[in-house]
Amino acid sequence: MPLPLPRRPDVVDVRICVVSLVSGLGLYALGITMQSRVLGPNWSLIPLFVMAGLELTRRTAPQFALGAGTVAVIADQFTTGNLATVVMFTDLVYAAVVYGTPAQARRIPVTTGLITVAVTVGFLAWFRQADAILVGAVTALVSFAPATTGVLVRNHREAADLARLRAEQTALLAEKDRAQAVTAERARMARELHDMVANHLSAIAIHSTAALSLDDPRTTKDALTVIRENSVEGLAEMRRLIGILRDSSGDLEPAAAPTLDGLGALAENARTNGLDVRLDDARTPDDAPLPAPVELAAYRIVQESLTNALKHAAPGLVTVALVRERDGLRVRVTSPFGEVKGPRAPGSGAGLVGMEERAALLGGTFDSGPEAHPDVPGAKVWRVEARLPIDPKDQGVPE
Numbered sequence: 008m009p010l011p012l013p014r015r016p017d018v019v020d021v022r023i024c025v026v027s028l029v030s031g032l033g034l035y036a037l038g039i040t041m042q043s044r045v046l047g048p049n050w051s052l053i054p055l056f057v058m059a060g061l062e063l064t065r066r067t068a069p070q071f072a073l074g075a076g077t078v079a080v081i082a083d084q085f086t087t088g089n090l091a092t093v094v095m096f097t098d099l100v101y102a103a104v105v106y107g108t109p110a111q112a113r114r115i116p117v118t119t120g121l122i123t124v125a126v127t128v129g130f131l132a133w134f135r136q137a138d139a140i141l142v143g144a145v146t147a148l149v150s151f152a153p154a155t156t157g158v159l160v161r162n163h164r165e166a167a168d169l170a171r172l173r174a175e176q177t178a179l180l181a182e183k184d185r186a187q188a189v190t191a192e193r194a195r196m197a198r199e200l201h202d203m204v205a206n207h208l209s210a211i212a213i214h215s216t217a218a219l220s221l222d223d224p225r226t227t228k229d230a231l232t233v234i235r236e237n238s239v240e241g242l243a244e245m246r247r248l249i250g251i252l253r254d255s256s257g258d259l260e261p262a263a264a265p266t267l268d269g270l271g272a273l274a275e276n277a278r279t280n281g282l283d284v285r286l287d288d289a290r291t292p293d294d295a296p297l298p299a300p301v302e303l304a305a306y307r308i309v310q311e312s313l314t315n316a317l318k319h320a321a322p323g324l325v326t327v328a329l330v331r332e333r334d335g336l337r338v339r340v341t342s343p344f345g346e347v348k349g350p351r352a353p354g355s356g357a358g359l360v361g362m363e364e365r366a367a368l369l370g371g372t373f374d375s376g377p378e379a380h381p382d383v384p385g386a387k388v389w390r391v392e393a394r395l396p397i398d399p400k401d402q403g404v405p406e
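Residues 8 to 406 in this note's numbering are what the sequence shown spells out, letter by letter.
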């Protein structure tokens, strides 16, 4: 397995290396030294070149650069010294904290602080003069000060990265919420469109088929009358829906949303379309008013159930029952279930889905399917039943 190639030095690190090396060579050429030692000024070039080379690895290998740099700066103390070598060492300490691991960033300031204290106490004990404190101050400037500066810079960078990450997460959540809101709004408008128009279009389809299949002027006239009524009402519903879509006020429901007071007209319209409908409303005038969302959901469920009965039910009685409970409203619609003869409009299955969604949005339950006829042995009815809960706060009933 081939060994991974070392990372190339950063452009900034190359510039630091070149500028520092040129500065150090300039100080050497001018004969500017820091101290007098046994080794001559030529020996100070070795730590200078070593430290300049380590600057190339200040980001890619900060721990190695700091360790080798420490050896180089100690070796520089045995020569006449070069200021550029010491300045580059402080940069390596800073880089080791900023670009090193979190453990190194915590350990280096503590280590340099202990070294500063130890050097100060040691030279005080050796020289027994207050001037020894200056040695400790120089040690702090060379090691502890760049380490603490690196800690501050690293903390600011991490805080900035965390803030940027939170901003990105907030943007993602906002986009997700927007997409969910769009999806929910599309589903709501699909339910409204289906419930508003499907009933009228189903009646038009059934009666137009009957008019075409029966050669009877009276039947044709009656069918055309029903077709006209349903088309006019369907157009009115479409205009109302388009008005909702064009409205920019932010209202989620139309101003004149249908209520359960319109069930009588809804049942009468179903009778006009050919259904035998019986409305059994067990509510009393003493009952508290229902919340608008519950009334709208119940109305739409009854409307869609009658539409499905018109399209799919066998001849017979269709019953609509409303029962007010203490904490909710129960809606039950039954229609004859069996073989259907005569013209019928095709169904898409979206009606049952829409009714279930309406009940679920209110936290209620919905169920549908065939069951035994309560009065006719061996016969079946198709049952649609929904329970719509009511928050006690919405109806003014104490919990």
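All residues carry an ideal CB built from backbone N, CA and C; glycine is no exception.
- Query: Are there 16 or more other CB atoms within 10 angstroms of the CB of Q84, so buried, or fewer, so exposed?
  - Reply: Within the sequence shown, numbered from 1, the residue matching residue 84 stands at position 77. Counting Cβ neighbours within 10 Å, Q84 comes out exposed, since fewer than 16 surround it.
- Grouping DSSP H, G and I as helix and E and B as strand, with all else coil, what is E396? By one-based count along the sequence shown, residue 396 stands at place 389. Reading off the sequence shown, one finds Pro at residue 396, where the question assumed Glu. Strand, per DSSP.
- Tell me whether P116 counts as near the ligand HEM, meaning its Cβ is closer than 6 angstroms to at least one heavy atom of that ligand. By its list of ligands, the structure shown contains no ligand whatsoever, and the ligand HEM lies outside what it can speak to.
- How is R246 classed by DSSP in three states: helix, strand or coil? Reading the sequence shown from its first residue, position 239 is the one you call residue 246. DSSP places R246 in helix when its eight states are reduced to three.
- Message: Does D288 come out as helix, strand or coil in the three-state DSSP assignment?
- Response: The residue labelled residue 288 in the question sits at position 281 within the sequence shown. Three-state result, D288: strand.
- Task: Mind checking who R228 pairs with in its DSSP beta bridge?
- Result: Position 221 of the sequence shown, counted from the first residue, corresponds to residue 228. A quick correction: the sequence has Lys, not Arg, at residue 228. Looking at the DSSP assignment, K228 forms no beta bridge with any residue, so it has no partner.
- Which of the three DSSP states, helix, strand or coil, is assigned to L369? In the sequence shown, counting from the first residue as 1, residue 369 sits at position 362. In the structure shown, L369 sits in coil (DSSP, three-state: anything other than H, G, I, E or B).
- Taking only the alpha-carbon atoms, compute the straight-line gap between V309 and P384 and give it to the nearest angstrom. Sequence index remark: in the sequence shown, residue 309 carries index 302 (1-based). Sequence index remark: in the sequence shown, residue 384 carries index 377 (1-based). About 26 angstroms.
- Message: I want to know whether the region 56 to 75 touches the region 27 to 36 - three or more CB-CB distances under 8 angstroms.
- Response: yes
- Item | Alpha carbon of G157 to alpha carbon of E165, nearest angstrom | Translated into the one-based positions of the sequence shown, residue 157 becomes position 150. Translated into the one-based positions of the sequence shown, residue 165 becomes position 158. Distance between the alpha carbons of G157 and E165: 12 angstroms.
- Use the C-beta contact count for G143: other C-beta atoms within 10 angstroms, 16 or more gives buried, fewer gives exposed. Within the sequence shown, numbered from 1, the residue matching residue 143 stands at position 136. With 16 or more Cβ atoms within 10 Å of its Cβ, G143 is classed as buried.
- Item | alpha helix (DSSP H) segments (min. 4 residues) lying fully within the region 65 to 150 | 69 to 83, 90 to 106, 109 to 134 and 139 to 146
- Counting only runs of 3+ residues fully inside the region 298 to 348, write out the beta strand (DSSP E) ranges in chain order. 324 to 332 and 335 to 344
- Would you grab the beta carbon distance between L99 and L63 for me? Rounded to a whole angstrom, and I think it's under 8 angstroms. Sequence index remark: in the sequence shown, residue 99 carries index 92 (1-based). Sequence index remark: in the sequence shown, residue 63 carries index 56 (1-based). With 8 angstroms as the limit, L99 and L63 do not qualify as a contact, their Cβ atoms being about 11 angstroms apart.
- Query: Okay, do the region 242 to 252 and the region 269 to 288 touch, 3+ Cβ pairs below 8 angstroms being the bar?
  - Reply: no
- Message: With H, G and I counted as helix, E and B as strand and the rest as coil, what does DSSP make of D374?
- Response: Here residue 374 is taken as the residue at index 367 of the sequence shown, counted from 1. If DSSP states are grouped into helix, strand and coil, D374 belongs with the strands.
- Query: Can the beta-carbon of A210 be found closer than 7 angstroms to that of N315?
  - Reply: Counting from one through the sequence shown, the residue named residue 210 turns up at place 203. Counting from one through the sequence shown, the residue named residue 315 turns up at place 308. No.
- Enumerate in chain order the residues of its own chain whose CB-to-CB distance from V80 is below 6 angstroms, with the five nearest sequence positions on each side excluded. What you label residue 80 is simply residue 73 of the sequence shown in a count that begins at 1. Excluding sequence neighbours, V80 sits near F96.
- Message: Taking a contact to mean a Cβ-Cβ separation below 7 angstroms, would you say V391 touches V340 in this structure?
- Response: Against the sequence shown, residue 391 aligns to sequence position 384. Against the sequence shown, residue 340 aligns to sequence position 333. Closer than 7 angstroms, so yes.
- Item | Exposed unless 16 or more other CB atoms sit within 10 angstroms - verdict on V18 | For the purposes of this step, residue 18 is taken as the residue at position 11 of the sequence shown. So V18 ends up on the exposed side.
- Going straight from the alpha carbon of G336 to that of V327, what length do you get? Locating residue 336 in the sequence shown gives position 329, where the first residue counts as 1. Locating residue 327 in the sequence shown gives position 320, where the first residue counts as 1. At residue 336 the sequence reads Leu, which differs from the Gly that was named. Whole-angstrom Cα-Cα distance: 13 angstroms.
- Query: How is D283 classed by DSSP in three states: helix, strand or coil?
  - Reply: Residue 283 sits at position 276 when you count from the first residue of the sequence shown. Reduced to three states, the DSSP call for D283 is strand.
- Query: With DSSP run on the structure shown, which of helix, strand or coil describes R15?
  - Reply: Taking the first residue of the sequence shown as 1, we reach residue 15 at position 8. Of the three classes helix, strand and coil, the one that applies to R15 here is coil, per DSSP.
- Message: Quick check: what's the CA-CA separation for L37 versus L172?
- Response: As a working mapping, residue 37 is identified with position 30 in the sequence shown. As a working mapping, residue 172 is identified with position 165 in the sequence shown. The alpha-carbon atoms of L37 and L172 are separated by roughly 51 angstroms.
- With DSSP as the reference, please indicate the residues paired to K183 in a beta bridge. Looking up residue 183 in the sequence shown gives position 176. Per DSSP, none; premise fails for K183.
- Query: At which residue ranges does the region 148 to 179 contain complete beta strand (DSSP E) runs of 3 or more residues, listed in the order of the chain?
  - Reply: none
- Is the region 355 to 372 touching the region 183 to 203 in the sense that three or more CB pairs, one from each, lie closer than 8 angstroms? yes
- Helix, strand or coil at A212 according to DSSP, with G and I counted as helix: Residue numbering aside, residue 212 sits at position 205 when the sequence shown is read from its first letter. Reduced to three states, the DSSP call for A212 is helix.
- Query: Below 7 angstroms between beta carbons: does that hold for V104 and A112?
  - Reply: Stepping through the sequence shown from its first residue, residue 104 is reached at position 97. Stepping through the sequence shown from its first residue, residue 112 is reached at position 105. Yes, the Cβ-Cβ distance between V104 and A112 is below 7 angstroms.
- Message: Rounding to the nearest angstrom, what Cα-Cα distance links G370 and A393 in this structure?
- Response: For the purposes of this step, residue 370 is taken as residue 363 along the sequence shown, with counting starting at 1. For the purposes of this step, residue 393 is taken as residue 386 along the sequence shown, with counting starting at 1. Cα-Cα distance, rounded: 11 angstroms.
- Pick helix, strand or coil for A379, following the three-state DSSP scheme. For the purposes of this step, residue 379 is taken as residue 372 along the sequence shown, with counting starting at 1. Strand at A379.
- Identity of the residues DSSP links to V388 by a beta bridge: Mapped onto the sequence shown, residue 388 falls at position 381. Its beta-bridge partners are P343 and E378.
- Determine the closest residue to L121 out of D268, R278 and T146, with distance taken between C-alpha atoms. Taking the sequence shown and counting its residues from 1, one reaches residue 121 at position 114. The option with the nearest alpha carbon to L121 is T146.
- Go ahead and label N237 buried or exposed: buried means 16 or more other beta carbons lie within 10 angstroms of its beta carbon, across all protein chains shown. As a first step, residue 237 is located in the sequence shown; it is residue number 230 there, counting from the start. By the 10 Å Cβ count, N237 comes out buried.
- Inter-residue spacing [alpha-carbon to alpha-carbon] between E260 and Y306: On the sequence shown, residue 260 is found 253 positions in, with the first residue counted as 1. On the sequence shown, residue 306 is found 299 positions in, with the first residue counted as 1. At E260, the pLDDT of 47 sits below 50, so the modelled position is not reliable; the number obtained from the coordinates is stated separately. Between E260 and Y306, the C-alpha separation is close to 14 angstroms.
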